[in-house]
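Those protein sequence lines, which keep their order, are chains C and E. For the first sequence, the working numbering begins at 6 and goes up steadily by one. For the second sequence, the working numbering begins at 4 and goes up steadily by one. All residues carry an ideal CB built from backbone N, CA and C; glycine is no exception.
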Amino acid sequence: MAVGVFGELLITAGLVLGLFVVYSLWWTNVVADRAADKQADKVRDSWTERTTGGPGALDTKNGIGFLHVPAMKNGEVLVEKGTSTKILNDGVAGYYTDPVKATLPTGGKTGNFSLAAHRDGHGAKFHNIDKVKKGDPIVFETKDEWYVYKVYAVLAETSKYNVKVLGQIPKESGKKKAGHYITLTTCTPVYTSRYRYVVWGELVRTEKVDSERTLPKELT
Amino acid sequence: MYGWIWRHLPGNAWVKAFLSLVLVVAVVYVLFQYVFPWAEPLLPFNDVTVDNQ
Chain C
6 MAVGVFGELL
16 ITAGLVLGLF
26 VVYSLWWTNV
36 VADRAADKQA
46 DKVRDSWTER
56 TTGGPGALDT
66 KNGIGFLHVP
76 AMKNGEVLVE
86 KGTSTKILND
96 GVAGYYTDPV
106 KATLPTGGKT
116 GNFSLAAHRD
126 GHGAKFHNID
136 KVKKGDPIVF
146 ETKDEWYVYK
156 VYAVLAETSK
166 YNVKVLGQIP
176 KESGKKKAGH
186 YITLTTCTPV
196 YTSRYRYVVW
206 GELVRTEKVD
216 SERTLPKELT
Chain E
4 MYGWIWRHLP
14 GNAWVKAFLS
24 LVLVVAVVYV
34 LFQYVFPWAE
44 PLLPFNDVTV
54 DNQ
């Protein structure tokens, strides 16, 4: 009798673990994509609205723009402020505010636009980061501007404490001078969090958004 | 354990089967809605930022 109960408990534990995998790799994506779509719609709506508020007040609450990485084949990724679990779990990419503050491209200053997103679960927005190769475009879309970056360096594995990759001049990528850089970080290998995967790009050009929001040629 | 639950459910086999299904759904719901979201941050599978304490 006692053995039977023990066996049933083991079976139950196995089922719960199996369910946890389903939860992690499927359900969190469903929830995150739903949240991300909702917030993305809000951002798009606020862009098309006639601005009645203060002059050019940048609303960063619902995201500042969209990241397009054709090599990742996942459409557009909403970018929000911060890289806390709570923000990233909504299926968005977050720009760093800690430990190194990201420099937003919208300011026009040189610096590093550093971003993080989930590799698996919670939208898995950077799942295909390993498909991004040197020379691939990364496009950041804001209300009025397309920022077209080109990937110039990839670091397939680094320590999670390697904060230097976020530097305003990321030396590990081979750069020595100030410039307009973008850095994508996520975890690697897939399904674990042992190391970090880093992709660096440099701004090639910017393009004004026209009334039809015509995509830059990198995205067509 | 499962045998015990089955014996204590009321009604005939069909009612028991239906109630079992309801119980299973309820357990899965509680797991997905409360237990897993709580457990997930405690497990080292989903840290993506550098310098994650």
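Handout entry: Where the alpha helix (DSSP H) containing Tyr32 of chain E begins and where it ends
Key = 16–33
Problem - Coil, strand or helix - Lys152 of chain C by DSSP - result: Sequence check: residue 152 of chain C is Tyr here, not Lys. Here Tyr152 of chain C sits in strand by DSSP.
Exercise for the section: May I ask you to list, following chain order, the residues of the stretch 12–41 of chain E that have a beta carbon less than 8 Å from some beta carbon of chain C? Expected result: Val31, Leu34, Phe35, Phe39
Practice task
Step through the CB atoms of chain E and report whether any lies within less than 8 Å of the CB of Lys180 of chain C.
Solution key: Answer no: the Cβ-Cβ gap between Lys180 of chain C and chain E never drops below 8 Å.
Exercise for the section: Report yes if the CB atom of Asn49 of chain E is closer than 8 Å to the CB atom of Ser198 of chain C, and no otherwise. Expected result: yes
Problem - Contacting residues, own chain, Cβ-Cβ under 8 Å from Leu26 of chain E (five flanking each side not counted) - result: The answer, listed in chain order, is Ile8.
Problem - Residues that Val32 of chain C contacts on chain E, provided the C-beta gap is smaller than 7 Å - result: First, the residue type needs correcting, since residue 32 of chain C is Trp and not Val in the sequence shown. Those within 7 Å of Trp32 of chain C in chain E are Phe35.
Problem - Own chain, CB closer than 6 Å to Ser119 of chain C, minus 5 neighbours either side, in chain order - result: Tyr101, Ala107, Leu171, Thr188
Exercise for the section: Using three-state DSSP, classify Pro110 of chain C as helix, strand or coil. Expected result: helix
Practice task
Compare the C-beta of Glu13 of chain C against all C-beta atoms of chain E and say whether one is closer than 8 Å.
Solution key: Output row for Glu13 of chain C: interface = yes.
Problem - Residue-chain proximity (Pro175 of chain C, chain E), Cβ-Cβ < 8 Å - result: no
Problem - Beta-carbon proximity of Glu81 of chain C to Leu93 of chain C, cut-off 8 Å - result: no
Practice task
Could you spell out the range, first to last residue, of the alpha helix (DSSP H) harbouring Ala39 of chain C?
Solution key: Before going further, note that residue 39 of chain C is Arg rather than Ala in the sequence given. Counting along the chain, the alpha helix (DSSP H) containing Arg39 of chain C begins and ends at 33–53.
Handout entry: Buried/exposed call for Val97 of chain C, threshold 16 Cβ in 10 Å
Key = Per the 10 Å Cβ criterion, buried.
Problem - Where Phe131 of chain C sits in the DSSP three-state scheme - result: coil
Exercise for the section: Name, in chain order, the residues that DSSP records as bridge partners for Arg10 of chain E. Expected result: Looking at the DSSP assignment, Arg10 of chain E forms no beta bridge with any residue, so it has no partner.
Exercise for the section: Check whether the stretch 121–131 of chain C touches the stretch 25–45 of chain C, taking contact to mean three or more Cβ pairs, one atom from each stretch, closer than 8 Å. Expected result: yes
Exercise for the section: With a cut-off of 8 Å on the beta carbons, I'd call Ala121 of chain C and Val51 of chain E a contact; round off their distance for me. Expected result: 5 Å
Practice task
For Arg210 of chain C, count neighbouring C-beta atoms within 10 Å of its own C-beta (all shown protein chains included) and say buried if the count is 16 or more, exposed if not.
Solution key: exposed
Problem - Below-8 Å beta-carbon distance, Tyr100 of chain C vs any chain E residue - result: no
Practice task
Could you tell me if Val26 of chain C is buried or exposed, where buried requires 16 or more neighbouring beta carbons within 10 angstroms of its beta carbon?
Solution key: exposed
Practice task
Tell whether a beta-carbon distance below 8 Å holds between Pro221 of chain C and Val144 of chain C.
Solution key: Contact flag set, yes.
Exercise for the section: In angstroms with no decimal places, state the Cα-to-Cα distance between Val153 of chain C and Lys43 of chain C. Expected result: 26 Å
Problem - For Asn79 of chain C and Lys47 of chain C, believed in contact at Cβ under 8 Å, the rounded distance - result: Between Asn79 of chain C and Lys47 of chain C the Cβ distance is about 20 Å, and since that is not below 8 Å, they are no contact.
Practice task
Measure the alpha-carbon distance for Gln56 of chain E versus Trp17 of chain E and round it to whole angstroms.
Solution key: Since pLDDT at Gln56 of chain E reaches only 47, below the 50 mark, its modelled position is unreliable, and no value is offered.
Exercise for the section: Over the uninterrupted alpha helix (DSSP H) stretch that includes Leu220 of chain C, give me the two end residues. Expected result: Membership of Leu220 of chain C in any alpha helix (DSSP H) is not indicated, and neither H nor E is assigned to it by DSSP.
Handout entry: Length of the line joining the Cα atoms of Ser164 of chain C and Pro47 of chain E
Key = 15 Å
Practice task
Could you check which residue in C:Lys139, C:Tyr200, C:Glu150 has the C-alpha nearest to that of Ala76 of chain C?
Solution key: Shortest Cα-Cα distance from Ala76 of chain C to any of C:Lys139, C:Tyr200, C:Glu150 involves C:Lys139.
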